[in-house]
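Asks: Numbering (our numbering), first residue to last: 5 to 497.
All C-beta atoms in this analysis are idealised placements derived from N, C-alpha and C, irrespective of residue type, glycine included.
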């Protein structure tokens, strides 16, 4: 879908006129070297652009206003090379609407013990200046990430790279449009929510369409287009003879072409549907939804627009990283041996998480009252992953994340005609499931073997939403206290 090549993070260094033109020129030179080093690092998915040294309140205010109005700027890295009096940052930071990272570093790795004098001390006092800057960001209660370390160390760069991907996700969220075919699945609570508040908090828009809008677009698809896509299906996937049903494949291809065209023409990055509201469609959109997710679109089943948005945002954040990201649902458990969760859905699991070439299969669905839908069947590979959800708690949005370890099923699943992933939740299924339920976590999630807890924590910090993490350190009594404290804190905000 969209490219990150034009997007930028601005590297901004703070100082003041007190030091004179010589030291300020050195500050600018050093800042340029750091910015160029970060810009050249392949782990950072956008450009890093060095900006002039900030030495007064007017310059800072103008820079922040410029950042706000720039379509290319997705965030700022701020660093105080010298002492930069924090009062001059108040107006600019109060106006700033782009996320920022506070980098606490210094240009020199080691102290030049034998030659160090007061000129050196005055020039290289980030240990002093960043604390002054840190106070004002705390006093203004600004969302930010603080990274401490020498600027070229791999660990420091990795933290910056993770935050840059969260900034990418936030930038996508501000511009994301979601198409919702039909309404919410009837009487389901967690997939519903306040779309007005979501637009206020996250920036994205959710627009409803009747299924007739989609079927009208499908009717415009030519037989030649359908035949071409069916040929692509046969070339791309393993198809057993009993599943190579020309009628079913043609219907599925028409759905995919029409749905893709509708989304492209409307500028949508995500969509939802519900099997209770697909009048006029012969099949449920199985392979169409799977392939659109693989192309980068977000998706939520049963009208779940929050998951559709989160999935698209996570796909943007994960672009270029190994592993895949998919719509997912905790479907059933294996309590034998070490308890595990089997994640799946009726049809819609993204093939970006497939461990091997998917098979294309046609089976009855059992619900929905439609013709046998075409779907891709596969198993996710073993390895670390996360599952995340966003829920509407009435007075705020809450993101819940669980670190998991994907494992291969212990036995074949020859009669299960859907894509799946099996995992061990951390710290274990008993605690993780209880923690998820106490936190009000949805049954739908965004699953990723590309992103980590830190990526999503950084995004939640930028968005200013509540975060509940479930990992190897989770203890239920502590988590329940945290939820109680969070409820009290948000009532005061």
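Would you mind listing the alpha helix (DSSP H) stretches within the stretch 449-474 that are 4+ residues and don't spill past its ends, in chain order?
Replies: 457-467
Asks: CA-CA distance, residue 2 and residue 184?
Replies: Given that the chain is displayed from residue 5 to residue 497, the structure contains no residue 2 and the question cannot be resolved.
Asks: Three Cβ pairs or more, each shorter than 8 Å: is that satisfied between the stretch 347-362 and the stretch 421-431?
Replies: yes
Asks: Using alpha carbons as the reference points, say which of 278, 206, 262, 207 lies closest to residue 229.
Replies: Position 225 of the chain shown holds residue 229. Here the closest residue by C-alpha is 262.
Asks: Quick check: what's the CA-CA separation for residue 125 versus residue 468?
Replies: Translated into the one-based positions of the chain shown, residue 125 becomes position 121. Translated into the one-based positions of the chain shown, residue 468 becomes position 464. Each residue's alpha carbon lies about 37 Å from the other.
Asks: Roughly how many whole angstroms lie between the Cα atoms of residue 384 and residue 95?
Replies: Here residue 384 corresponds to residue number 380 of the chain shown, with the count starting at 1. Here residue 95 corresponds to residue number 91 of the chain shown, with the count starting at 1. Roughly 49 Å separates the two Cα atoms.
Asks: Where do the N-terminal and C-terminal ends of the alpha helix (DSSP H) with residue 491 fall, by residue?
Replies: Counted from its first residue, the chain shown places residue 491 at position 487. From DSSP, the alpha helix (DSSP H) with residue 491 extends over 480-496.
Asks: Would you list the one or two residues that DSSP bridges to residue 296?
Replies: On the chain shown, residue 296 is found 292 positions in, with the first residue counted as 1. Looking at the DSSP assignment, residue 296 forms no beta bridge with any residue, so it has no partner.
Asks: For my contact list, residue 127 and residue 329 are in at a C-beta cut-off of 8 Å; report their separation, rounded to the angstrom.
Replies: If you number the chain shown from 1, residue 127 lands on position 123. If you number the chain shown from 1, residue 329 lands on position 325. Contact between residue 127 and residue 329 does not hold, since the beta-carbon distance rounds to 45 Å and is not under 8 Å.
Asks: If you measure between the beta carbons of residue 260 and residue 278, is that distance less than 8 Å?
Replies: One-based indexing of the chain shown puts residue 260 at position 256. One-based indexing of the chain shown puts residue 278 at position 274. It is not a contact, given that the beta carbons lie outside the stated cut-off.
Asks: Quick test of your reading: residue 275 and residue 241, contact by CB under 8 Å. State the CB separation rounded to the nearest angstrom.
Replies: Walking along the chain shown from the start, residue 275 turns up at place 271. Walking along the chain shown from the start, residue 241 turns up at place 237. Taking the Cβ atoms as the reference, residue 275 lies roughly 23 Å from residue 241, outside the contact range of under 8 Å.
Asks: Between the Cα of residue 436 and the Cα atoms of 43, 9, 483, 93, which residue gives the shortest distance?
Replies: As a working note, residue 436 is residue 432 in the chain shown. The alpha carbon of residue 436 has as its nearest neighbour, out of 43, 9, 483, 93, the alpha carbon of 483.
Asks: Taking the CB atoms as reference points, tell me whether residue 54 and residue 104 lie closer together than 8 Å.
Replies: What you label residue 54 is simply residue 50 of the chain shown in a count that begins at 1. What you label residue 104 is simply residue 100 of the chain shown in a count that begins at 1. By the CB criterion at 8 Å, residue 54 and residue 104 fall outside the cutoff.
Asks: Per DSSP, residue 285 is paired with what?
Replies: In the chain shown, counting from the first residue as 1, residue 285 sits at position 281. For residue 285, which the question treats as bridged, DSSP gives no partner whatsoever.
Asks: Can you give me the C-alpha to C-alpha distance between residue 257 and residue 283, rounded to a whole angstrom?
Replies: The residue given as residue 257 occupies position 253 in the chain shown. The residue given as residue 283 occupies position 279 in the chain shown. Residue 257 and residue 283: Cα-Cα distance of roughly 18 Å.
Asks: Given 8 Å as the limit, is there contact between the stretch 353-364 and the stretch 317-336, that is, 3 or more CB pairs closer than that?
Replies: yes
Asks: Measure from the alpha carbon of residue 33 to the alpha carbon of each residue in 17, 497, 43, 137, then state which is nearest.
Replies: For the purposes of this step, residue 33 is taken as residue 29 along the chain shown, with counting starting at 1. Looking at the Cα atoms, 17 is the closest of the given residues.
Asks: Nearest to residue 507 by alpha carbon, out of 250, 251, 313?
Replies: Here the chain covers residues 5 to 497 and nothing more, so residue 507 does not appear.
Asks: Bridge partners for residue 338 per DSSP, in chain order?
Replies: Position 334 of the chain shown, counted from the first residue, corresponds to residue 338. DSSP output for residue 338 lists 344 as bridge partner(s).
Asks: Any idea what DSSP makes of residue 383, helix, strand or coil?
Replies: As a working mapping, residue 383 is identified with position 379 in the chain shown. Correct three-state label for residue 383: strand.
Asks: Which residues does DSSP list as the beta-bridge partners of residue 406?
Replies: The residue you call residue 406 lines up with position 402 of the chain shown. Under DSSP, residue 406 takes part in a beta bridge, and its partners are 391, 474.
Asks: Consult DSSP for residue 83 and reduce its assignment to one of helix, strand or coil.
Replies: Here residue 83 is taken as the residue at index 79 of the chain shown, counted from 1. Looking at residue 83 - three-state DSSP - the assignment turns out to be strand.
Asks: Can you grab the Cα-Cα spacing for the pair residue 20 / residue 85, in whole Å?
Replies: Within the chain shown, the letter at position 16 stands for residue 20. Within the chain shown, the letter at position 81 stands for residue 85. Those two C-alpha atoms are separated by around 10 Å.
Asks: So, helix, strand or coil for residue 377, using DSSP?
Replies: Here residue 377 is taken as the residue at index 373 of the chain shown, counted from 1. Here residue 377 sits in coil by DSSP.
Asks: If you reduce the DSSP assignment to three classes, tell me which class residue 330 lands in.
Replies: On the chain shown, position 326 is the one that residue 330 refers to. In the structure shown, residue 330 falls within a strand segment according to DSSP collapsed to helix, strand and coil.
Asks: What are the residues that DSSP puts in a beta bridge with residue 182?
Replies: What you label residue 182 is simply residue 178 of the chain shown in a count that begins at 1. Answer is 210, 274.
Asks: If we count the other Cβ atoms within 10 Å of its Cβ and call it buried at 16 or more, is residue 443 buried or exposed?
Replies: For the purposes of this step, residue 443 is taken as the residue at position 439 of the chain shown. Residue 443 should be labelled buried.
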